[in-house]
Structures are given as C-alpha cells and as structure tokens.
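Here is the structure we will look at, set down as structure tokens.
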Amino acid sequence: MAWDILITNIKGLVQVRDSTPNVLSGGAMAELPILENAFLAIQNGVIVDYGSMQSLSSTTSNEVVDASNRFVLPSFVDSHTHLVFAASREEEFVMKIKGASYAEIAARGGGILNSAQKLQGISEDELFERSLKRAIEIIKTGTGAVEIKSGYGLTVNDELKMLRVARRLGEQTPLKVKTTFLGAHAVPKSHTKSDYIQLIMQEMIPAVAEEKLADYIDVFCEEGFFNPDETEMIAEEGKKFGMRPRIHANQLHRSGGVQVGVKVNAISVDHLENIGREEIEILQNSQTIPTALPGAAFFLNLPFPPARDIINANLPLAIASDFNPGSAPSGNMSLMIALACIKMRLTPEEAFNATTVNTAAAMEILNTHGSITKGKVANISITKPMSSLAYLPYSFGTQLIDQVILNGKFVLRAE
616 MAWDILITNI KGLVQVRDST PNVLSGGAMA ELPILENAFL AIQNGVIVDY
666 GSMQSLSSTT SNEVVDASNR FVLPSFVDSH THLVFAASRE EEFVMKIKGA
716 SYAEIAARGG GILNSAQKLQ GISEDELFER SLKRAIEIIK TGTGAVEIKS
766 GYGLTVNDEL KMLRVARRLG EQTPLKVKTT FLGAHAVPKS HTKSDYIQLI
816 MQEMIPAVAE EKLADYIDVF CEEGFFNPDE TEMIAEEGKK FGMRPRIHAN
866 QLHRSGGVQV GVKVNAISVD HLENIGREEI EILQNSQTIP TALPGAAFFL
916 NLPFPPARDI INANLPLAIA SDFNPGSAPS GNMSLMIALA CIKMRLTPEE
966 AFNATTVNTA AAMEILNTHG SITKGKVANI SITKPMSSLA YLPYSFGTQL
1016 IDQVILNGKF VLRAE
C-alpha cells in the first residue's frame, strides 16, 4: 500500500518522540530530539513512520516531498487566544504610544468594552467570516491547534455567539480547536459587578453548558476586574458544568491569580508578568501549567515573565500567543518563540518545547498533537531552507514556515 505523503531528505526532523511525553519540566525542556537526514511518512491523516534516510526501504507514496536543507516540525499548538473578535483596535495602539495606560484607555471607552461594543453589533455569520481570516492566517504561520476564548460578548447571547463561531472554526477549518468561556473578562457598564457575576453564574454558564460550547472556563483575575474570591466562585461554578478552569493571572499586578488557579486545579495560569518566589513555590506543588504570553508583554511594554526562574524551579513552561485585538495582535508562534528567546532568555530548544509539547499538555491534546510520534495526527510544518533550527528565532522578522500539512493534507504549499 502506498503512503499518502512521504517527506524525504529532511535536514532535521524536530520533536521526535517514540512515545507521547509527559509535560516537560525544568531541565527536560532543554532536550529537543532532532533526527538528521530523515524521512517522514503520512497515511490516513496520521504519522505512520519516520527514521533515517538510510533506513528507508520503500518510497512508494502518492506524493513525495523533498525536504533537503529544510526542517520539519510538529505544528505549533497555541493554548491561549482571543481569535474571535469583531474589529482591530489600532486607535488604542496610537494612544499607548502617546503615553496612555491600559487603565486610562479603558476609562475612555477603550479596552475590552470597546471590543464588546463592536462585537455586539454584528451577526454570527459576519463574526465567523472575520474570524475565519485570522484562522487561515495562523494556519499559514504553522499553527495546527488553537484554544479560543469568548469574553468580548458580555451578554448571554453574545457570549454564546462567540463560542458558536469558535466551534464552527474547528468544524470548517483543519485546526484542532478547544473553546473557553470567558464571560468574566470585564464588567459591562449595564451591570454592577455583583449583578454581572450572578448573570455569569446563573444564566451564562448553564446556557454555555446546555449547548456544549466550552471545554474550559476562564476568569480575568486582576485588580479592577475580578478578585481572587470572585474568580474562585466563578471557576467552581464552571467546574460543576464540566468546564475545567484556566486563569488569566498576574498580568498587571500580583493579583492572587496564581494562588486561586492552583486552588481550583486550573489546567493553566496564563500571563505571569508579575510573579515572584511565592507564586513559583505554589506552582511547584500543583499540576497547573505556567503559561507565558510574550506577545502581550512585548506589545504593552510590560516586564516579561521570569521564565528562567520558572524553569529553574523544575516547573514546566508553556508559551502561547494571546492573539487579541487590544494587547497582542499577532498569532504568529514563530514570533512568540523569538520573543521567548530574546526577551525571556529561553534557548531555542526550550522555546520549541514550550510551544508544542507543553502547549498541547495545556490543551489536554498531548496524546494526539505536539510531537512527531507514530499514530499522532499528521500536523506538520516544513520550513524554508535553514542552516539550523536556531535560525528560526534568530531571523525573527522572516516567515520561514513554507509548507503546512494538517490532518495529513497539504493546506499550504511552497510558492
């Protein structure tokens, strides 16, 4: 029987794991298995074989791709995005340049409430079409699996609208999509905070659960948004309906988000620009995955998360994009790897592990995604010719993902 696709003469086959690894922590993050002068075979949408070119016994395949001087990677897994939104917010970008703070922009009608107003004014189909363009954009830059949050609806109907669109993206694109209900993203002007929390718990969560629209629940635990007690209450309510928590934690302040995330057994706590030894020690006694979002820190001129301290504490670290219109308007995971290396002092090996294996663990899809392993989904990126894997973060402004295979089929071919 002929293989569907055979990739030959691969300069470096990256993230080769004979069996599915666990989440990678501490020193293990520096270990990135690369098979040189390799082949990879794909059949029926999954990886069926790989090895050195010397061991390749048959080249019978419907399509043979020569990857000489190129690297083959597992597709990136982006475990934190707000990809479904109505419109960009570049006017706020200019306000930031002129010195306005995040809080000042919000006070002038910007921020999350700005996105909510724009989203509430368009139909579900229009929102889908706008979001589909972004989904295609991240596919072309090498992402094969993505988590997508709500949180720009802030009404029952509009939160449901966002989650339906996210589900449709998973059904109508090759992306593997996990969805997160983030009604607790901000408090709309139409409600007091206490009234809005009751709306989330009594109406939104049951409605989301009834349509089976969310895998997870998230809360923006931050000063001026939701405090730790409120975060815990909302997260626990979501758990009753089968939604595991993931928490926006410690972005702008030491908000207590890490502590509450561990307390509610969140799969991940994300952002972490403002954490210290106390939070790191709490994470050491948990199964919660610390997740850095370097695109947001870069765009907002915030301190970058202390990645070296996290890894040196023998913790795992995941890296995601936070793709959103206000604070991280890029879903390019190659850029996130570059920022992690340049600004957070990760080695390229650590950064690749953080954006594949560890983000797959943070999306609970590590059994099917995140590594080159026989039987896993054939989500593969082929680079342009490169001298080494480190060239990808080194050449941070260059699009080096040249070809993309998702679910065993080409979705982007070399120009």
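The sequence shown begins at 616 in the numbering used here and counts up one residue at a time.
The beta-carbon is built from N, C-alpha and C at its ideal position, and this holds for glycine as well.
Worksheet entry | Member of F841, L655, L1004, E845 whose CA lies at the smallest distance from the CA of M668 | Distances from the alpha-carbon of M668 to those of F841, L655, L1004, E845 put L655 closest.
**Request:** Determine the extent of the beta strand (DSSP E) in which V884 is found, giving its start and end residues.
**Result:** 883–886
- Task: Using the Cα positions of G660 and L1021, report the straight-line distance between them to the nearest angstrom.
- Result: Approximately 8 Å, taken between the alpha carbons.
Across which residues does DSSP place G666 in a beta bridge pair? DSSP output for G666 lists F654 as bridge partner(s).
Can you tell me the Cα-Cα spacing of L1007 and R892, whole angstroms? 32 Å
- Does the Cβ of T675 have 16 or more other Cβ atoms within 10 Å, making it buried, or fewer, making it exposed? exposed
Could you tell me which of T846, E826, L867, L778 sits nearest to V875, measuring between CA atoms?
Taking only the C-alpha atoms, the option nearest V875 is T846.
Would you mind giving the Cβ-Cβ distance between Y831 and R869, rounded to the nearest angstrom? I have them listed as a contact below 8 Å. No, Y831 and R869 are not in contact; Cβ-Cβ is about 24 Å, not under 8 Å.
| Residues that DSSP places opposite V792 in a beta bridge | Bridge partners of V792: V761.
| query | Just how far apart, CA to CA, sit R704 and K793? | reply | Approximately 25 Å, taken between the alpha carbons.
Checklist entry - At what residue ranges does the segment 724–783 contain a whole run of the alpha helix (DSSP H), taking only runs of 4 or more? => result If one requires a minimum length of 4 residues, the alpha helix (DSSP H) runs lying completely within the segment 724–783 are 727–735, 739–755, in chain order.
- What's the C-alpha gap between A829 and M819? Roughly 11 Å separates the two Cα atoms.
Practice problem: Output the boundary residues of the alpha helix (DSSP H) element that contains R1028. | Solution: In the DSSP assignment, R1028 falls outside any alpha helix (DSSP H) and carries neither an H nor an E.
Buried versus exposed, by CB contacts within 10 Å (16 or more), E838 = Around the CB of E838, fewer than 16 other CB atoms lie within 10 Å, so the residue is classed as exposed.
With H, G and I counted as helix, E and B as strand and the rest as coil, what does DSSP make of T983? coil
Close Cβ partners of M816 (< 7 Å) along its chain, the five nearest in sequence each way excluded:
I849, E852
#### Entry: CB of H886 within 9 Å of CB of A922, strictly
Taking 9 Å as the cut-off, the beta carbon of H886 is found no closer than this to the beta carbon of A922.
Would you mind sorting D810 into buried or exposed? The rule is 16 or more other CB atoms within 10 Å of its CB. exposed
Quick check on DSSP: helix, strand or coil for N939?
strand
- Message: Just to confirm before moving on: does the CB-CB distance between Q903 and D693 stay below 9 Å?
- Response: Looking at the sequence itself, residue 903 is Thr, so the reference to Gln does not match. Result no, Cβ atoms of T903 and D693 do not sit closer than 9 Å.
Tell me whether D924 sits in a helix, a strand or coil according to DSSP, three-state version. Helix.
Looking only at its chain, what residues have a beta carbon closer than 8 Å to the beta carbon of R1028, apart from the 5 residues adjacent to it on each side? Q1018
Taking all protein chains shown into account, do 16 or more other C-beta atoms lie within 10 angstroms of the C-beta of Q630, making it buried, or fewer, making it exposed? Buried, by the Cβ-count rule.
request  = Identify the continuous alpha helix (DSSP H) that holds G891 and give its terminal residues.
outcome  = Looking at the DSSP string, G891 is not in any alpha helix (DSSP H), and its letter there is neither H nor E.
Discussion item. If you reduce the DSSP assignment to three classes, tell me which class K991 lands in.
Written reply: coil
Measure the C-alpha to C-alpha separation of K989 and A822 and round it to an integer number of angstroms.
39 Å
Practice problem: Determine the closest residue to F913 out of Q735, S690, A653, Q866, with distance taken between C-alpha atoms. | Solution: Q866
**Q.** Inter-residue Cα distance where the pair is H697 and I763
**A.** 5 Å
With H, G and I counted as helix, E and B as strand and the rest as coil, what does DSSP make of V873? helix
Problem - Distance, V802 Cα to H808 Cα - result: It should be pointed out that residue 808 corresponds to Lys in this sequence rather than to His. Going by the C-alpha atoms only, they are around 6 Å apart.
Q | Rounded C-alpha distance that separates L688 from K804 | A | 46 Å
Practice problem: Go to K626, then tell me how far its beta strand (DSSP E) extends in each direction, as first and last residue. | Solution: 620–629
**Message:** Just to confirm the assignment: which complete beta strand (DSSP E) runs, minimum length 3, are found wholly within the segment 836–876?
**Reply:** 859–864
Where T970 sits in the DSSP three-state scheme
Correct three-state label for T970: coil.
Report task. Return the first residue and the last residue of the alpha helix (DSSP H) that D810 is part of. Result -> 808–814
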